[in-house]
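To start, the structure itself, in structure tokens.
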Ligand code: ADP
Ligand code: MG
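Numbering (UniProt numbering), first residue to last: 1 to 525.
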């Protein structure tokens, strides 16, 4: 299903004299003490897909926000089509031919596609005459760029992939020549992502210029013509995609060599640790989120749960971790666990030997106002080893926290700092350190590397594999299919609350899992 973009690629060498579609010169931007962008210069050729890659916090979104008129640069100049352009607000950006597709769409849910597209583009009094005109224009755009959506459908009835198309159409309706997409595939199934890239390919062949921000090396390698790398506010390199490779890009992003593949031996599974039978979870609104799920997980094994966000994986983790009630049967080492009422809460689960790195670390994994050292025992604080007489053994906990921070390379190395003062990646390291340290029989781990830098991803993955090799059972939930495939020994796919299928990781691939994630089973396909 992958798109052959190679043949659509313009010959960059053949177009040397054209003015760049976009040129930035010496752009700098500080937020207080944080230098988000440092003297950034970049030149983007028209009719190309230009990727921008960089770790979290590298400054990519800041740079794009300057370009779209959300932030004012402290210094620097912007040239569009060779002409110096001042962009004080998003109206000016639109007027200059820049379109932005946001990560969290800004569409009005209960309005139609057509209404959303003209919203803000025309003034209210003209709405009715505009609708007729817009309908024609939309039909034209849809045809030209193969961007099919029903103009009269209400946004909330559209899939995420189609909502994104509406965002793109909205930008094109405003005559964007330069389209910026900030992490556009985070919310898409693999098939939807393929469709998106087919559309981008089409836009490029019509002469549009596309700036693609992504942290996914694969997308950069497959779909871009040129790639710029950002690290700590600086643009560290711009190279032709055909002349680089994922390892080099990762090194440019992180500033050191990074192991991109998870280094692991085949699993040697032991006895059943977790046995789930006919598990159901109904949420507070009465919606069934987990439907008759049965799964088995053995010691020394990583079972990955793949799925598009919102298909019941979160609720599955929550009920196992003691954060939600369920019905059915869950056994840990042969012992039935209560799924509601007494003894079914998070603390009881931890006491039973289930460690949990929750998906939502800020809500369930940490107390944001508490110090890192206090968080290093959160959930386990009542256990005897952390008591000293009638009180908490603060000295002992602090010493242990300092040691954990050292080993997990938590930065800054200050256990007295509140959790909220660490970056997302470092918060995650605090939680992972705490849970792995418990030496649990079963580790539940949700989105282990969401918002985490490449260097720290490598480290967290190694820790998970090490735990497996010590004979522990690991249930991994992740919306990153790459992560599921590289870490798991077995993969189960969830769709609409159900398990659509189970595969050995070594015997499946992204395409097969992608179909299951979209609810297509073998028979349908
Ligand atoms: P990226 O998109 O590459 O992840 P960002 O551009 O969002 O990076 O952030 C770059 C740096 O600027 C980070 O350290 C971030 O915390 C900081 N930053 C971004 N926006 C703001 C803001 N509005 N106020 C203060 N700091 C900000
Ligand atoms: Mg960003």
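The beta-carbon is built from N, C-alpha and C at its ideal position, and this holds for glycine as well.
Give every residue of the same chain whose Cβ lies closer than 7 Å to the Cβ of residue i, excluding the five residues on either side of it in the sequence, and list them in chain order.
{"i": "residue 147", "result": "141, 165, 168, 169, 199"}
{"i": "residue 544", "result": "Examination of residue 544 is not possible in this model, given that the chain is present from 1 through 525 alone."}
{"i": "residue 361", "result": "427, 428, 431"}
{"i": "residue 461", "result": "262, 487"}
Quick check on the burial criterion: 16 or more other C-beta atoms within 10 angstroms. Buried or exposed for residue i?
{"i": "residue 271", "result": "exposed"}
{"i": "residue 139", "result": "exposed"}
{"i": "residue 342", "result": "exposed"}
{"i": "residue 298", "result": "buried"}
{"i": "residue 391", "result": "exposed"}
{"i": "residue 29", "result": "buried"}
{"i": "residue 34", "result": "exposed"}
{"i": "residue 509", "result": "exposed"}
{"i": "residue 458", "result": "buried"}
{"i": "residue 61", "result": "buried"}
{"i": "residue 521", "result": "exposed"}
{"i": "residue 412", "result": "exposed"}
{"i": "residue 408", "result": "buried"}
{"i": "residue 318", "result": "buried"}
{"i": "residue 376", "result": "buried"}
{"i": "residue 254", "result": "buried"}
{"i": "residue 31", "result": "exposed"}
{"i": "residue 185", "result": "buried"}
{"i": "residue 241", "result": "buried"}
Helix, strand or coil for residue i, going by three-state DSSP, please let me know.
{"i": "residue 235", "result": "strand"}
{"i": "residue 194", "result": "helix"}
{"i": "residue 207", "result": "coil"}
{"i": "residue 39", "result": "strand"}
{"i": "residue 99", "result": "strand"}
{"i": "residue 390", "result": "coil"}
{"i": "residue 272", "result": "strand"}
{"i": "residue 311", "result": "coil"}
{"i": "residue 175", "result": "coil"}
{"i": "residue 365", "result": "helix"}
{"i": "residue 132", "result": "helix"}
{"i": "residue 347", "result": "helix"}
{"i": "residue 336", "result": "strand"}
{"i": "residue 84", "result": "strand"}
{"i": "residue 144", "result": "helix"}
In terms of DSSP beta bridges, what is residue i paired with?
{"i": "residue 488", "result": "In DSSP, residue 488 forms no bridge with anything."}
{"i": "residue 25", "result": "77"}
{"i": "residue 280", "result": "327"}
{"i": "residue 304", "result": "476, 491"}
{"i": "residue 228", "result": "52, 238"}
{"i": "residue 443", "result": "355, 474"}
Can you give the Cα-Cα distance for residue i and residue j, rounded to whole angstroms?
{"i": "residue 301", "j": "residue 490", "result": "8 Å"}
{"i": "residue 530", "j": "residue 261", "result": "Here the chain comprises residues numbered 1 to 525, so residue 530 is not present and cannot be evaluated."}
{"i": "residue 472", "j": "residue 289", "result": "28 Å"}
{"i": "residue 378", "j": "residue 440", "result": "15 Å"}
{"i": "residue 133", "j": "residue 208", "result": "23 Å"}
{"i": "residue 503", "j": "residue 442", "result": "21 Å"}
{"i": "residue 344", "j": "residue 233", "result": "46 Å"}
{"i": "residue 7", "j": "residue 130", "result": "Here residue 7 scores only 47 on pLDDT, less than 50, and its place in the model should not be relied on; the value that follows carries that caveat. Going by the C-alpha atoms only, they are around 38 Å apart."}
{"i": "residue 230", "j": "residue 158", "result": "34 Å"}
{"i": "residue 497", "j": "residue 163", "result": "23 Å"}
{"i": "residue 482", "j": "residue 448", "result": "13 Å"}
{"i": "residue 388", "j": "residue 434", "result": "20 Å"}
{"i": "residue 36", "j": "residue 76", "result": "14 Å"}
{"i": "residue 417", "j": "residue 52", "result": "33 Å"}
{"i": "residue 282", "j": "residue 58", "result": "40 Å"}
{"i": "residue 405", "j": "residue 415", "result": "8 Å"}
{"i": "residue 55", "j": "residue 464", "result": "21 Å"}
{"i": "residue 545", "j": "residue 420", "result": "Residue 545 lies beyond the stretch modelled for the chain, which goes from 1 to 525, so this question has no answer here."}
{"i": "residue 338", "j": "residue 469", "result": "29 Å"}
{"i": "residue 227", "j": "residue 371", "result": "40 Å"}
{"i": "residue 218", "j": "residue 98", "result": "26 Å"}
{"i": "residue 266", "j": "residue 466", "result": "12 Å"}
{"i": "residue 381", "j": "residue 350", "result": "11 Å"}
{"i": "residue 191", "j": "residue 327", "result": "34 Å"}
Among the residues of its own chain, which have a CB less than 8 Å from the CB of residue i, if the five just before and after it don't count?
{"i": "residue 108", "result": "115, 116, 119, 155"}
{"i": "residue 189", "result": "161, 308, 514, 517, 518"}
{"i": "residue 91", "result": "69"}
Give every residue of the same chain whose Cβ lies closer than 6 Å to the Cβ of residue i, excluding the five residues on either side of it in the sequence, and list them in chain order.
{"i": "residue 304", "result": "476, 484, 488, 491"}
{"i": "residue 365", "result": "358, 431"}
{"i": "residue 479", "result": "309"}
{"i": "residue 355", "result": "435, 438, 440, 443"}
{"i": "residue 316", "result": "290"}
{"i": "residue 82", "result": "19"}
Say yes only if the C-beta of residue i is nearer than 8 Å to one or more non-hydrogen atoms of the ligand SAH, and no if none qualify.
{"i": "residue 423", "result": "This structure does not include the ligand SAH; its bound ligands are the ligand ADP and the ligand MG."}
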